[in-house]
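Going by my numbering, the letters in the sequence shown line up with residues 1 to 324, in that order. Please read the structure below before turning to the comments.
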Amino acid sequence: MSSASAPGKVVLFGEHAVVYGRPALAVPVAQVHADVEVSESADAGVWIDAPDIDLYTELSTVPPDQPIASVIRNVFQNLGISTFPPLTIRITSTIPLASGMGSGAAVSVAIIRALSCMFDRPFPDETVSALAFEAEKFYHGTPSGIDNTVVTFARPVYFIKSNSPIGRGNRGEGPFIETFQVKKPFTIVIGDTGVPASTKESVGDVRRLWQADPPRWEKVFDAVGDIVQQARRAIEVGEVDVLGPLMDANHALLQEMTVSSPELDQLVAAARSAGALGAKLSGGGRGGNMIALVTLEKREQVEALLRAAGARRVLVTTVESCQT
Ligand code: PMV
């Protein structure tokens with residue numbers, strides 16, 4: 001038997017603009033995770049057992065564009081295995097679906113690790129992330145690659161997608177990825193609207209806006225990129241207070257991109273009124289999660305007001321250089 005886990009994630013700054021080559025900051029959220037167990041099966045075939053999404057089926061019956069099946073087939077191909085052994089792949093996850101917390105990427109990463117370990121050939125992180133990126137295309141359409149990156153490396157990530165004018169792969173290809181230092185740990189409250197939302201749709205809508213007026217939206221994306229750079233500097237020098245207004249400014253630009261929603265705006269307003277230093281939506285938007293930066297004194301008040309304002313689930317995470 002072989003097993004693997006992968007964490008959830010939140011985007012701190014820079015979602016959507018990152019699809020257009022601007023940088024973004026994302027951090028893992030260890031409190032939620034996807035877990036995969038691979039075991040030998042008594043029955044012939046590769047059985048996918050994913051109770052959270054009511055999926056129990058044999059691999060050959062699943063269409064090639066189903067993300068879980070595509071990940072499994074890709075792993076076998078990379079291992080050079082063409083005759084599939086009898087296996088059961090059990091997938092469970094505590095990461096809310098379609099909520100901007102990287103559930104698809106975490107499931108992919110955990111499958112890739114558990115399956116490659118089952119054959120005693122664990123892939124290096126770069127390969128894990130690259131294979132998970134392939135599956136992200138089924139979930140997201142035109143993903144930047146930030147989700148698979150932060151989930152694979154499980155540490156705070158400064159990310160610029162590949163093929164962008166300002167991005168360059170650390171080794172000449174692929175995205176530009178750096179881990180940044182968190183001088184002073186800070187606390188984030190994550191509030192879930194409970195509204196499932198498709199990142200593919202919101203990314204597609206922003207693309208249509210951009211296509212209709214590229215100069216206007218390039219300026220907006222530049223403004224987001226500036227916020228990301230300022231936020232990274234503030235985190236690296238431990239000026240946590242500066243991050244609150246930067247979150248507020250990033251949220252306003254995401255509203256302009258039309259990816260917020262009444263539920264998200266309500267939770268953002270509730271967090272601010274409860275004393276959060278700043279708040280914004282996180283991820284694809286239109287639903288899913290928002291994040292608020294809090295001091296330890298205000299943390300419980302913010303949690304309580306988020307629940308009162310309709311949050312279905314509230315998580316608290318501390319961002320630090322290495323999360324265990
Ligand atoms: O998976 P989500 O919903 O957290 O979205 C990731 C961030 C986006 O910038 C909206 C999309 C992407 O691929 O970068």
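Glycine included, C-beta positions come from ideal geometry on N, C-alpha and C.
Going by other Cβ atoms of all chains shown within 10 Å of its Cβ, with 16 needed for buried, is residue i buried or exposed?
{"i": "ASP226", "result": "exposed"}
{"i": "GLU40", "result": "exposed"}
{"i": "ASP147", "result": "buried"}
{"i": "THR317", "result": "buried"}
{"i": "TYR139", "result": "buried"}
{"i": "LEU296", "result": "exposed"}
{"i": "GLU15", "result": "buried"}
{"i": "GLU192", "result": "Rather than Glu, the amino acid found at residue 192 in this sequence is Asp. Buried is the call here."}
{"i": "TYR56", "result": "exposed"}
{"i": "GLU178", "result": "exposed"}
{"i": "LYS219", "result": "exposed"}
{"i": "GLY204", "result": "exposed"}
{"i": "GLY80", "result": "exposed"}
{"i": "THR152", "result": "buried"}
{"i": "LEU97", "result": "exposed"}
{"i": "MET1", "result": "exposed"}
Can you find the residues in the same chain that come closer than 6 Å, C-beta to C-beta, to residue i, ignoring five residues on each side of it along the sequence?
{"i": "TRP210", "result": "TRP217"}
{"i": "PHE133", "result": "GLY145 and ASN148"}
{"i": "SER108", "result": "VAL71, ALA132 and ALA135"}
{"i": "VAL206", "result": "HIS16 and MET257"}
{"i": "GLY194", "result": "ARG312"}
{"i": "LYS280", "result": "MET247, ASN250 and HIS251"}
{"i": "VAL46", "result": "LEU59, PHE84 and LEU87"}
{"i": "ARG171", "result": "The predicted model places ARG171 with a pLDDT of 46, which falls under 50 and marks its position as unreliable, so this point remains unresolved."}
{"i": "ALA270", "result": "LEU305, LEU306 and ALA309"}
Does at least one heavy atom of the ligand PMV sit under 6 Å from the Cβ of residue i?
{"i": "ASP147", "result": "yes"}
{"i": "VAL206", "result": "no"}
{"i": "THR175", "result": "First, the amino acid is wrong: residue 175 is Pro here, not Thr. PRO175: no, Cβ never under 6 Å from the ligand PMV."}
{"i": "GLY283", "result": "yes"}
{"i": "SER144", "result": "yes"}
{"i": "GLU15", "result": "yes"}
{"i": "VAL18", "result": "yes"}
{"i": "HIS251", "result": "no"}
{"i": "HIS33", "result": "no"}
{"i": "THR199", "result": "yes"}
{"i": "GLY100", "result": "yes"}
Sorted by chain position, which residues of the same chain lie with C-beta nearer than 8 Å to residue i's C-beta, five sequence neighbours on each side aside?
{"i": "GLN229", "result": "PRO23"}
{"i": "PRO63", "result": "ALA69"}
{"i": "ALA42", "result": "PRO86"}
{"i": "PRO214", "result": "none"}
{"i": "SER82", "result": "PHE76"}
Only counting the same chain, and skipping five residues up and downstream in sequence, which positions put a Cβ closer than 7 Å to that of residue i?
{"i": "VAL237", "result": "LYS183"}
{"i": "ALA26", "result": "LYS9, VAL10, VAL11, LEU12, ILE146, VAL150, VAL157 and PHE159"}
{"i": "ARG307", "result": "VAL314"}
{"i": "GLN181", "result": "GLU236 and SER321"}
{"i": "GLY174", "result": "SER162"}
{"i": "THR94", "result": "VAL32 and HIS33"}
{"i": "LEU253", "result": "VAL220, ALA223 and VAL224"}
{"i": "GLY141", "result": "LYS200, VAL203 and GLY204"}
Kindly indicate if chain B contains any beta-carbon less than 7 Å away from that of residue i.
{"i": "SER60", "result": "Among the protein chains of the structure shown there is no chain B, as only one such chain exists."}
Please list the segments of the beta strand (DSSP E) lying wholly inside the stretch 83 to 137, counting only runs of 3 or more residues, in order along the chain.
87 to 93
With a floor of 4 residues, list each alpha helix (DSSP H) that falls wholly inside the stretch 233 to 308, ordered by position along the chain.
243 to 256, 262 to 273 and 299 to 308
Report the start-end ranges of each alpha helix (DSSP H) in the stretch 182 to 230 that is 4 residues or longer and not cut off at the edges.
199 to 212
Restricting to runs no shorter than 4 residues, where is the alpha helix (DSSP H) found entirely within the stretch 137 to 166?
146 to 153
Suppose only complete runs of 3+ residues qualify. What are the beta strand (DSSP E) ranges in the stretch 35 to 92, listed by chain order?
46 to 50 and 55 to 58
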